[in-house]
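Enquirer:
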Amino acid sequence: DLLSRLTLEEKFKLCSGRFMWHTKPIKRLGVKSFTMYDGPHGVRPDTMGEIKCTYFPSGICRTATWNPKLSHEFGKAVAEEVREVGAHMLLAPGINIQRTPMNGRTFEYQTEDPHLNKVLAVATVKGIQSQKIAACVKHFICNNQEANRFTVSSEVSERALQEIYLPAFKATVQESDAWSFMTCYNKVNGIYGSENYNLLRERLMEQWGFRGFTVSDWNATAYTSTGSCVTAGLSLFFN
Numbered sequence: 001d002l003l004s005r006l007t008l009e010e011k012f013k014l015c016s017g018r019f020m021w022h023t024k025p026i027k028r029l030g031v032k033s034f035t036m037y038d039g040p041h042g043v044r045p046d047t048m049g050e051i052k053c054t055y056f057p058s059g060i061c062r063t064a065t066w067n068p069k070l071s072h073e074f075g076k077a078v079a080e081e082v083r084e085v086g087a088h089m090l091l092a093p094g095i096n097i098q099r100t101p102m103n104g105r106t107f108e109y110q111t112e113d114p115h116l117n118k119v120l121a122v123a124t125v126k127g128i129q130s131q132k133i134a135a136c137v138k139h140f141i142c143n144n145q146e147a148n149r150f151t152v153s154s155e156v157s158e159r160a161l162q163e164i165y166l167p168a169f170k171a172t173v174q175e176s177d178a179w180s181f182m183t184c185y186n187k188v189n190g191i192y193g194s195e196n197y198n199l200l201r202e203r204l205m206e207q208w209g210f211r212g213f214t215v216s217d218w219n220a221t222a223y224t225s226t227g228s229c230v231t232a233g234l235s236l237f238f239n
């Protein structure tokens, strides 16, 4: 009966972040803050120098092994460190297709091969969530360049979406039950990822059966309207 006990203001609070990595607590009802940290190759807490964490090999290095078991072990190991620092979710894995080597985050993602991307993404999510830590799969979708990432539109045909860009994301829902998805900064065919009804509501939730929650990348909703994001299916705003 928690929802019925929340005031309207408290419900709004649960939909937006507090500081960098935390949600807002509802102390009146004992709802604690939910904490999440980057990242794709190790925990990056917000306490500079106070907490030591392991720097794991980057996504592109792990993928070069073609080893799903290793990806699962990585997910399990990094999730243990997430728990150790008192957090609840890891903002990973990053599974955008490596469309160009000039992308500033190519090292962070896995591969240009849709099938390999899918297999290793599923294994990583299973590893993370085997420790009861939420995996946040990102960045949904077509976040394939850093230049002008707040305004650029990735123009992609339906066939390319289905064959290249979507399979790994879909598999993390249907094969590993990912608990969270992060939206992208960019537009996809002219519509920002955080307010893209077709991607979030129709594909992710209705077609794929996603049961978790969605979170915007940090400040990704700056150029969108709150109403359109909520309608599209965005759960948590970070600005």
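Following UniProt numbering, the numbering of the sequence shown begins with 1 at its first residue and continues without gaps.
The beta carbon of each residue, even a glycine, is placed where N, CA and C say it ideally should be.
Check whether the Cβ atoms of E195 and S154 sit closer than 8 Å, and answer yes or no.
Expert: No, the Cβ-Cβ distance between E195 and S154 is not below 8 Å.
Enquirer: Give me the Cα-Cα distance between Q162 and F210, rounded to the nearest whole angstrom.
Expert: One C-alpha to the other measures close to 17 Å.
Enquirer: Quick check on the DSSP output: the alpha helix (DSSP H) that includes K118 runs from which residue to which?
Expert: Residues 114–129.
Enquirer: Nearest CA to the CA of T35: which residue from I97, G193, A87?
Expert: Of I97, G193, A87, the residue nearest in Cα terms is A87.
Enquirer: What's the call for M182, buried or exposed, on a 16-neighbour Cβ count within 10 Å?
Expert: Burial call: buried.
Enquirer: Should the segment 16–31 be called in touch with the segment 59–79, which here means at least 3 C-beta pairs below 8 Å?
Expert: As far as the Cβ criterion goes, the segment 16–31 does not touch the segment 59–79, which means the pair count is below three.
Enquirer: Find the nearest neighbour of A160 within the set S225, C142, T214, G94, judged by alpha-carbon distance.
Expert: Comparing Cα positions, the closest option is C142.
Enquirer: Along the beta strand (DSSP E) that carries N214, what are the first and last residues, could you check?
Expert: The question names Asn, but residue 214 in the sequence shown is Thr. Residues 213–215.
Enquirer: Thinking just about the alpha-carbon of each residue, which of K126, A121, E112, R5 is nearest to the one in V31?
Expert: It is R5.
Enquirer: Specify the secondary structure class of C61 as computed by DSSP and reduced to three states.
Expert: Three-state result, C61: helix.
Enquirer: Applying the criterion that 16 or more other CB atoms from any shown protein chain within 10 Å of the CB defines a buried residue, is Q98 buried or exposed?
Expert: When all chains shown are included, Q98 counts as buried.
Enquirer: Quick one: Cα of N186 to Cα of F150, how far?
Expert: The straight-line gap from Cα to Cα measures roughly 5 Å.
Enquirer: By DSSP's criteria, Y192 is part of a beta bridge. Which residues make up the other side?
Expert: BP columns for Y192 point to K187.
Enquirer: Determine the DSSP secondary structure at R149, reduced to helix, strand or coil.
Expert: Here R149 sits in coil by DSSP.
Enquirer: Taking all protein chains shown into account, do 16 or more other C-beta atoms lie within 10 angstroms of the C-beta of T54, making it buried, or fewer, making it exposed?
Expert: By the 10 Å Cβ count, T54 comes out exposed.
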